[in-house]
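If you count the sequence shown from 1, position 152 lands on 152 in UniProt numbering, and the numbers rise without skipping. Yeah, the Cβ is synthetic: ideal placement off N, Cα and C, and Gly gets one too. Keep in mind the model is a prediction, meaning the values are calculated, not measured.
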Amino acid sequence: MDENVKTDKMEKQKTLEAVGGVRPRKYTDTGKEFSEGQIAQCFNGLKVLSEKIIRMISDKEHNEAIRVNYSFWMQDYEQFLMKHQTHFSRLHEIEQEEYMQIHTPRDVFLMNCKREIQQNINSNPVQRQESAKGKSVRSAGISSVSSKRLEVEEKRIKLEAKRQAMKRKRELEMAKTALQLNEDELQMRTEIAVADAKAMIYDKFERGEIDGVEMPQVKLETIEPTPKPLQGKVQSTIESKALNPVAKSISTDEGESG
Numbered sequence: 001m002d003e004n005v006k007t008d009k010m011e012k013q014k015t016l017e018a019v020g021g022v023r024p025r026k027y028t029d030t031g032k033e034f035s036e037g038q039i040a041q042c043f044n045g046l047k048v049l050s051e052k053i054i055r056m057i058s059d060k061e062h063n064e065a066i067r068v069n070y071s072f073w074m075q076d077y078e079q080f081l082m083k084h085q086t087h088f089s090r091l092h093e094i095e096q097e098e099y100m101q102i103h104t105p106r107d108v109f110l111m112n113c114k115r116e117i118q119q120n121i122n123s124n125p126v127q128r129q130e131s132a133k134g135k136s137v138r139s140a141g142i143s144s145v146s147s148k149r150l151e152v153e154e155k156r157i158k159l160e161a162k163r164q165a166m167k168r169k170r171e172l173e174m175a176k177t178a179l180q181l182n183e184d185e186l187q188m189r190t191e192i193a194v195a196d197a198k199a200m201i202y203d204k205f206e207r208g209e210i211d212g213v214e215m216p217q218v219k220l221e222t223i224e225p226t227p228k229p230l231q232g233k234v235q236s237t238i239e240s241k242a243l244n245p246v247a248k249s250i251s252t253d254e255g256e257s258g
C-alpha cells in the first residue's frame, strides 16, 4: 500500500513539473554549466552555418542550395531557442539578468543573419540559371553602378571639405573683425581717458587748487611793415646790386668817371 502511494506521488510530481505547476528540482551548478555548454555549442554551430549561407549569397550561389541550408539553419535555431528557454526558466532572477547579458548579443546576431537570408530568398524566388553572357552583362552593370556611386561619394567628400574650409574662413574673419573692433575701442577709451585727465587738471587749476601749470602757448607770427612804393624800389635796386657783381662794378665805374 505504501509503495503504491509513493509511486502515485512521484507520477503526480512529474506531471506537475511537466505542465509547470510546481518549481522543478534544485538547479545545481553542474546542471547550469552543462546547459550553458549545450547552448553555446548550438550557437557556435548556427554561427558557422550563418556565415556559410551569407557567403553563398555573396558568391551568387543557386537559390535552391541557399534554401536547403537555410532549412537546416531554422532547425538548429529552434533547438537553440528551446535550450535557452529551458535554462532561463530554471534560473533565479539575478541569474537570469546575468545570463541575458550573454544571450542577447547572440540572439541579435542570429536575427540579423536570418533577416539577411530571408530578404535574399524572397527577392530571388526562382533558381538562378545564368549563362556566361548574362553574368558578364550583370558584372558590367554592377561595375557601372559602382563607378557612379564612387563618383557621387567623391563629389560629396569634396563639397564637405569645401564647406568646412568656408566655415573655418568665416570664423577667422569674424575673429579678425572682433579683434579690430577691440583695438579701436581700446584706442578710443585711451583717448577719452587722456582727455578726461587733462580736463580735470584744468578744472583744478581754474579753481586755484593747483599752481605752476603751464598753459598752452600760442605762437605769434612776426608781422613785417608793408614797404612804401619808393622805398620798396630803392630796396629792390640795392638788393639787385648786392647780388649782381657785374652791376656793382658798372655802378662803381660810372661813379668814378662822374
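Less than 8 Å between the beta carbons of Asn63 and Ile117, yes or no? Here residue 63 corresponds to residue number 63 of the sequence shown, with the count starting at 1. Here residue 117 corresponds to residue number 117 of the sequence shown, with the count starting at 1. In this structure, Ile117 does not lie closer than 8 Å to Asn63 by Cβ.
Measure the alpha-carbon distance for Glu98 versus Lys60 and round it to whole angstroms. Residue numbering aside, residue 98 sits at position 98 when the sequence shown is read from its first letter. Residue numbering aside, residue 60 sits at position 60 when the sequence shown is read from its first letter. Each residue's Cα considered, the two are about 41 Å apart.
Spatial neighbours of Lys155 in its chain, beta-carbon cut-off 6 Å, leaving aside the 5 residues before and after: If you number the sequence shown from 1, residue 155 lands on position 155. Taken in chain order, the list of residues that qualify is empty.
Give the straight-line distance between the Cα atoms of Ser50 and Glu33, rounded to the nearest whole angstrom. In the sequence shown, residue 50 corresponds to position 50, counting from 1. In the sequence shown, residue 33 corresponds to position 33, counting from 1. Approximately 25 Å, taken between the alpha carbons.
Note down the Cα distance separating Leu46 from Val108, rounded to an integer number of angstroms. Walking along the sequence shown from the start, residue 46 turns up at place 46. Walking along the sequence shown from the start, residue 108 turns up at place 108. Cα to Cα, Leu46 sits roughly 13 Å from Val108.
For Glu33, the first and last residue of its enclosing alpha helix (DSSP H): Locating residue 33 in the sequence shown gives position 33, counting from the first residue. For Glu33, the enclosing alpha helix (DSSP H) has its first and last residue at 29-58.
In three-state terms, what does DSSP make of His92? Translated into positions along the sequence shown, residue 92 becomes position 92. Correct three-state label for His92: coil.
Distance between beta carbons of Lys83 and Ser123, contact taken as under 8 Å: Taking the sequence shown and counting its residues from 1, one reaches residue 123 at position 123. Taking the sequence shown and counting its residues from 1, one reaches residue 83 at position 83. No, Ser123 and Lys83 are not in contact; Cβ-Cβ is about 32 Å, not under 8 Å.
When you compare each of Lys162, Ile57, Arg168, Ala165 to Arg115 by their alpha carbons, which one comes out closest? As a first step, residue 115 is located in the sequence shown; it is residue number 115 there, counting from the start. Put simply, of Lys162, Ile57, Arg168, Ala165 the residue whose alpha carbon is nearest the alpha carbon of Arg115 is Ile57.
Sort Lys204, Phe43, Lys148, Leu186 by Cα distance to Pro105 and report the nearest one. Your numbering for residue 105 matches position 105 in the sequence shown. Shortest Cα-Cα distance from Pro105 to any of Lys204, Phe43, Lys148, Leu186 involves Phe43.
Cβ of residue 264 within 8 Å of Cβ of Tyr70? Given that the chain is displayed from residue 1 to residue 258, the structure contains no residue 264 and the question cannot be resolved.
Is the beta carbon of Phe80 closer than 8 Å to that of Ile39? The residue you call residue 39 lines up with position 39 of the sequence shown. The residue you call residue 80 lines up with position 80 of the sequence shown. Their beta carbons are under 8 Å apart, which means Ile39 touches Phe80 by this criterion.
Buried or exposed: where does Asn92 fall if 16 or more other Cβ atoms within 10 Å of its Cβ makes it buried? As a working note, residue 92 is residue 92 in the sequence shown. According to the sequence shown, residue 92 is His rather than Asn. So His92 counts as exposed.
DSSP-derived helix/strand/coil call for His84: One-based indexing of the sequence shown puts residue 84 at position 84. His84 falls in the helix class under three-state DSSP.
Do you know offhand how far Ser89's Cα is from Arg163's? Along the sequence shown, read from residue 1 onward, the residue named residue 89 stands at position 89. Along the sequence shown, read from residue 1 onward, the residue named residue 163 stands at position 163. The alpha-carbon separation between Ser89 and Arg163 amounts to approximately 57 Å.
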